[in-house]
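J.: So the protein sequences, as listed, match chains A and B. Just so you know, we're using my numbering here: the first sequence kicks off at 1 and counts up by one. Just so you know, we're using my numbering here: the second sequence kicks off at 582 and counts up by one. Ideal placement from N, C-alpha and C gives every residue a C-beta, glycine not left out. Sharing a structure here in structure tokens format.
2 protein chains.
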Amino acid sequence: MPQLRLALAQVNATVGDIAGNTAMVLEWTRRAVQEGAHVVAFPETVLAGYPVEDLALRKSFAAANRAAIDALAVNLREAGCGDALVVVGHLDRDDEGVRNSASLLFGGEVVATYDKYHLPNYGVFDEARYFAPGFDLPIVKLHGLDIGVVICEDIWQNGGPVAALGQVGVDLVVCVNSSPYERSKDDVRVPLVARRAAEAGAPIAYVNMVGAQDDLVFDGDSIVMGADGEVLARAPQFTEHLLVLDVDVPAGGHTATTVPEQPGRIRMPAFDVTRTVLQPDPLPAYEPLPAPPGVEPLPELAETWAALVTGLRDYVHKNGFRSVTFGFSGGIDSAVCAALAADALGPDALHGVSMPSHYSSEHSRSDAAELARRLGCHFEERPVADMVAAFVGPLGLTGLAEENVQARCRGITLMAMSNQHGHLVLAPGNKTELAVGYSTIYGDAVGGFAPIKDVPKTLVWELARWRNAEAEKLGEVPPIPENSIEKVPSAELRPDQTDQDSLPPYDVLDAVLDGYVEGDRDYSDLVADGFDAELVERVIRMVDGAEYKRRQYPPGTKITLKAFGRDRRLPITNRWRESRP
Amino acid sequence: MPQLRLALAQVNATVGDIAGNTAMVLEWTRRAVQEGAHVVAFPETVLAGYPVEDLALRKSFAAANRAAIDALAVNLREAGCGDALVVVGHLDRDDEGVRNSASLLFGGEVVATYDKYHLPNYGVFDEARYFAPGFDLPIVKLHGLDIGVVICEDIWQNGGPVAALGQVGVDLVVCVNSSPYERSKDDVRVPLVARRAAEAGAPIAYVNMVGAQDDLVFDGDSIVMGADGEVLARAPQFTEHLLVLDVDVPAGGHTATTVPEQPGRIRMPAFDVTRTVLQPDPLPAYEPLPAPPGVEPLPELAETWAALVTGLRDYVHKNGFRSVTFGFSGGIDSAVCAALAADALGPDALHGVSMPSHYSSEHSRSDAAELARRLGCHFEERPVADMVAAFVGPLGLTGLAEENVQARCRGITLMAMSNQHGHLVLAPGNKTELAVGYSTIYGDAVGGFAPIKDVPKTLVWELARWRNAEAEKLGEVPPIPENSIEKVPSAELRPDQTDQDSLPPYDVLDAVLDGYVEGDRDYSDLVADGFDAELVERVIRMVDGAEYKRRQYPPGTKITLKAFGRDRRLPITNRWRESRP
């Protein structure tokens, strides 16, 4: 017998666009109320967007958040949504600092505000830098049910507000999130939410952001989890969605049996519980809606592809661009970037440029043209041989200096086309070459966004084959020329060059990089794993030495736990080298 | 009557160079012991260098630190330094995480280790990301005196280990630091150390790192502070120095009267005090050394110049370069960078390049040549007109696209010379243009290091005049041509262009930027300060919009509290605009 209709609004907010985000919350609440929702929940900091980074430190920005949330409460009532409890994330500021808050709006007022307690400060997160932790636990009674609110990291750490709510006893926990996507994150997320539901002794309504902001992608994947760990409903990934569900919540609260402590000697604070009664009595029985359709997470490669498409699309659009350009080299990286761009923006927004030099092969030009033909995008050829010659002769360049000038003349050409025509330049480098520094700074690293920055070379090939197979399943033309997938990789900056002149075979290289970068495995761990000692030492030297180039690389979609960038920031002048004893 | 001879070793460590740093500690301790020192103190994390950033997260790096400190204790004894108490900063790691530690070495052993409690996580600091806080307070008795140790941020926050030491009662506090330089930081540092000495009821031996690492510069400025707030001795800034002093410390400990609490609801932990008696009895009276000569901090502009020289010199040398190159434009920015480089590296390490284009003035070439003549550095002319033409015609470039190609051809030329001859390229942009985005990405922003990245344009002029005046005082040729100081600033990318076509006058612009960036003053604050509302709005839009370019800028010496970079990181796709209501 249901007592409550929940609506989880899985929306795509834009950082800084308080007016747009507020209008979106109003519009989606209106839709949810039309569907009869009693509780409507939006993601973490939905009014501010996520991550706000140093914007958090501007007094005027926190003040504008506060003004927006107060006005939103009034506007919701005026829009006929005053009887719904609406949970909205925003920033706030008081004497102790800036807060990552979620307010509960009801009857034209902000009836309670919860400030996030656990502030993540690892990986892509810097929240200890920006926010002060909160110690207040508001609980509101709606239709006879006690409802508490927590925010994102609060469920990822032991102890803290979920445990405290469990001890006090609540009937429902609303957890609002801007939880960035990582590959296979849902495998971790679902058991985690189940564990916290058990700890709270109550169902959890878990609503997550969707879309992308700068480096981060949000997959949505909002869920309603029963107190017994059963997934009651789930939203699709990578798309805005309003998940509406009638839930059967036995009123009366529960007490958790055990409260896990945080490790170390910092003890949990005593939270201040404040109770607000909005509607003391339960609803009379009503006919539930049909259950929403069952949703499964996407298969692995489809999920990765969707994350990359989302990251690219939102970066381009949220930066006010409508079209992109980059070099079509005939190789696999630019081919996969082109297929991603066509999926994200449509082929008419894609302007491919072939920029052959003296050393370019005939197939580099024909494969590039074939790629453009299959995608139906714009394409032109801009040879760089004359530009390269204008530098090489007068400056007397040889060897590496001559190789790099070719890549740099291509970078200038693309930036000139961008300045002249308004396209955003993309940098199609993959994670493997970024890791080991196999790229030319101010050359192929030029661009505003790097779509496959976090995709290892071997995964680039996997994605290419997967995307072509998907097209074949649908009876469409596979977007990526088979020759671009099969050919031996080469930068084509000198005669007969191949990537393996400078790098180990990609399958071995990616395996070592995965251990060293993603797995935090040391030299001795990797040798114990069975990798050749000399190879491991060589790869580690390349990775540690490539830090400067990585800092100059444009942002890119993060799809693995540890991308380069904020997650791995070595001192540039580091003299530390792991090596054999 | 002195009881103790202190030696503060103000040294220049290199991040990651554990072997080199350890050898340096051994050598300086030997010198200090030759001078009869009983206590020798080295800076925070001197074995690891500072800041280690993500190196902190490598297990093998922490393990190598641990091995180095253990071996150092033995090697010190074998070198005849076993009777001195040597305080050495390093990293450590245990079940709770990585530690920022200072070990006390005596008699061939590590007799105690203190782990930093207050972990700064603002501005240039990310220590909450890397380190776990310590809760142990070791106190060792040497020659009858109780000595405690704290680390850097521990004295910048109220409450914590200094207050705890004061409550327990100690005779001397050794404070080891890697405290980055900011303009006029000594005005803050001295009263702060005095306040903590009062709180501890004991003198403080404050030893600081000197030199530069990546973005950060350390000025040294080590001091010995009496319990009464009197500066007993002070080391010179920006140079390695061994400060040796006999101090008169009444034994018996003291108890502070008041312990300031931290703000907020997080309470101080109960520290675990452990006492180790090395030598229970005081030394017999001995003849003190003559007091070290009095040292005053440098005057403001001399201090700033020294910081910039130090930052540039150590970046170049610690990265293994011996020479630098960049464009001599005839303007003030490149002239000041050239004077800095000549002071930092010597004129023979400086390779100036004049790269006139079609729009370059005659004086841009003659002033550049005159600069090189005065400095005695290498100089050549590499016109870029032909290279520019190779792009402009075939690509049909006009307007901004044509302007940018000139800057980018210069960038390619410099990088080609770097690849061919091994010089490090410097980017001579100043803080004002970096703040408002008045530069060409992949053009004049090209380079490995930006010496005046944190120097506003008006301060560039001040420094130029100051440096010339200093030369005149010494009877030397003023390094910077007067014409470069006096001329109207221009990028010379189109006919008759001046900076003020695009920017407000520099004195007003710098004043607004100082308020907005350094002072965290909002639009309304700045208007209340008397700045024109339209101008403020225009400047704020330029600053917020220039984030992408700033992220691509090379590192540079930080001389003001808030440089761009880690201290101000806006979301790139930010839609927030402060403006008139």
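Which residues bound the beta strand (DSSP E) around B:A588?
T.: From DSSP, the beta strand (DSSP E) with B:A588 extends over L585 to Q591.
J.: Give me the Cα-Cα distance between B:T838 and B:E780, rounded to the nearest whole angstrom.
T.: Any answer about B:T838 is weak, because its pLDDT of 45 lies below 50 and its placement is not dependable; what the coordinates show is given next. About 8 Å.
J.: Any C-beta of chain B sitting closer than 8 Å to the C-beta of A:K59?
T.: Judged by the 8 Å Cβ criterion, A:K59 is in contact with chain B.
J.: May I ask you to verify whether the segment 1020-1030 of chain B touches the segment 981-998 of chain B, counting CB pairs closer than 8 Å and requiring at least 3?
T.: Counting Cβ pairs under 8 Å, three or more are found: they touch.
J.: Output the boundary residues of the beta strand (DSSP E) element that contains B:L653.
T.: Segment K640 to E659 is the alpha helix (DSSP H) holding B:L653; no beta strand (DSSP E) there.
J.: Residues of chain A with CB closer than 7 Å to the CB of B:L636, please, in chain order.
T.: Ordered by position in chain A, the residues that pass the 7 Å Cβ test against B:L636 are L570, P571, N574 and W576.
J.: Based on DSSP bridge pairs, tell me the residues matched to A:G148.
T.: DSSP, once it has assigned bridges, lists A:I139 and A:V173 as partnering A:G148.
J.: When you compare only the Cα positions, how much space is there between B:Q584 and B:D827?
T.: Their Cα atoms are separated by approximately 7 Å.
J.: Alpha carbon to alpha carbon, what distance is there between B:A1052 and B:L773?
T.: Rounded to the nearest angstrom, the two C-alpha atoms are 36 Å apart.
J.: In three-state DSSP terms, what is A:A339?
T.: Correct three-state label for A:A339: helix.
J.: Taking the alpha carbon of B:E1043 as the point to measure from, which residue in B:D1088, B:E951 and B:V743 has its own alpha carbon closest?
T.: Selected option, being the one with the closest Cα: B:D1088.
J.: What residues of chain A sit near B:L976, judged by a beta carbon separation below 8 Å?
T.: The answer, in chain order, is R382, T413, A416, M417 and Q420.
J.: Please tell me whether B:Q615 has its Cβ less than 8 Å away from any Cβ of chain A.
T.: No, because no Cβ of chain A sits closer than 8 Å to the Cβ of B:Q615.
J.: What residues in its chain sit with their C-beta under 6 Å from that of A:N430, if we drop five residues either side in the sequence?
T.: For A:N430, where only same-chain residues beyond five positions count, the Cβ hits under 6 Å are D333, I452, V455, K457 and V460.
J.: Cβ of A:L72 within 8 Å of Cβ of A:V25?
T.: In this structure, A:V25 lies closer than 8 Å to A:L72 by Cβ.
J.: Thinking C-alpha only, which one of B:L797, B:H671, B:R710 and B:Q615 is nearest B:K1143?
T.: When each option's Cα is compared against that of B:K1143, the closest is B:L797.
J.: Could you tell me the boundaries of the alpha helix (DSSP H) in which B:S1065 lies?
T.: Its alpha helix (DSSP H) spans residues E1063 to E1067.
J.: Can you list, in chain order, the residues of its chain whose CB lies under 8 Å from that of A:E300, leaving out five sequence neighbours each side?
T.: Same-chain partners within the cutoff: R183 and S184.
J.: If the cut is a Cβ gap below 7 Å, which residues of chain A does B:G741 touch?
T.: Near B:G741 there are no residues of chain A at all, since even the closest Cβ is about 13 Å away, more than 7 Å.
J.: Looking only at its chain, what residues have a beta carbon closer than 8 Å to the beta carbon of A:A302, apart from the 5 residues adjacent to it on each side?
T.: W466 and E470.
J.: Return the chain-ordered list of same chain residues with a C-beta closer than 6 Å to the C-beta of A:T274, the five sequence neighbours on each side being excluded.
T.: These residues qualify, in order along the chain: P138.
J.: Are A:L47 and A:N75 touching if we call contact CB-CB under 8 Å?
T.: Result no, Cβ atoms of A:L47 and A:N75 do not sit closer than 8 Å.
J.: DSSP puts B:V791 in a beta bridge; with which residues?
T.: Answer is B:D800.
J.: Looking only at DSSP bridge pairs, what is A:G327 linked to?
T.: Bridge partners of A:G327: A:V353.
J.: Can you grab the Cα-Cα spacing for the pair A:V384 / A:N12, in whole Å?
T.: Spanning the two alpha carbons is a distance of roughly 41 Å.
J.: Which whole-angstrom value is the C-beta distance of B:K697 and B:F716, which I expect to be below 8 Å?
T.: Between B:F716 and B:K697 the Cβ distance is about 11 Å, and since that is not below 8 Å, they are no contact.
J.: Taking Cβ positions, are B:V633 and B:A588 nearer each other than 8 Å?
T.: It is not a contact, given that the beta carbons lie outside the stated cut-off.
J.: Nearest chain B C-beta to A:T14 closer than 8 Å, yes or no?
T.: Answer yes: the Cβ-Cβ gap between A:T14 and chain B drops below 8 Å somewhere.
J.: Please name the residue, chosen from A:G399, A:F391 and A:M417, that lies closest to B:G977 on a Cα-to-Cα basis.
T.: It is A:M417.
J.: Among A:V436, A:K549 and A:S364, which residue has its Cα nearest to the Cα of A:E486?
T.: That would be A:S364, whose Cα lies nearest to the Cα of A:E486.
J.: When you compare the CB positions of A:S354 and A:A369, do they come within less than 8 Å of one another, or not?
T.: The answer is yes: Cβ separation under 8 Å.
J.: Checking contacts by CB at 8 Å: is B:I599 closer than that to chain A?
T.: It does; some Cβ of chain A falls within 8 Å.
J.: Given A:P269, which residues of its chain have a CB within under 6 Å of its CB, disregarding the five upstream and five downstream residues?
T.: So the list reads F135, once near-sequence residues are dropped.
J.: Contact criterion: CB-CB distance below 8 Å. Does A:V405 meet it with respect to chain B?
T.: Judged by the 8 Å Cβ criterion, A:V405 is in contact with chain B.
J.: Can you list, in chain order, the residues of its chain whose CB lies under 7 Å from that of A:R494, leaving out five sequence neighbours each side?
T.: These residues qualify, in order along the chain: Y359 and E403.
J.: Hey, A:Y181 and A:A307: beta-carbon distance below 8 Å or not?
T.: For A:Y181 and A:A307, yes; Cβs fall inside 8 Å.
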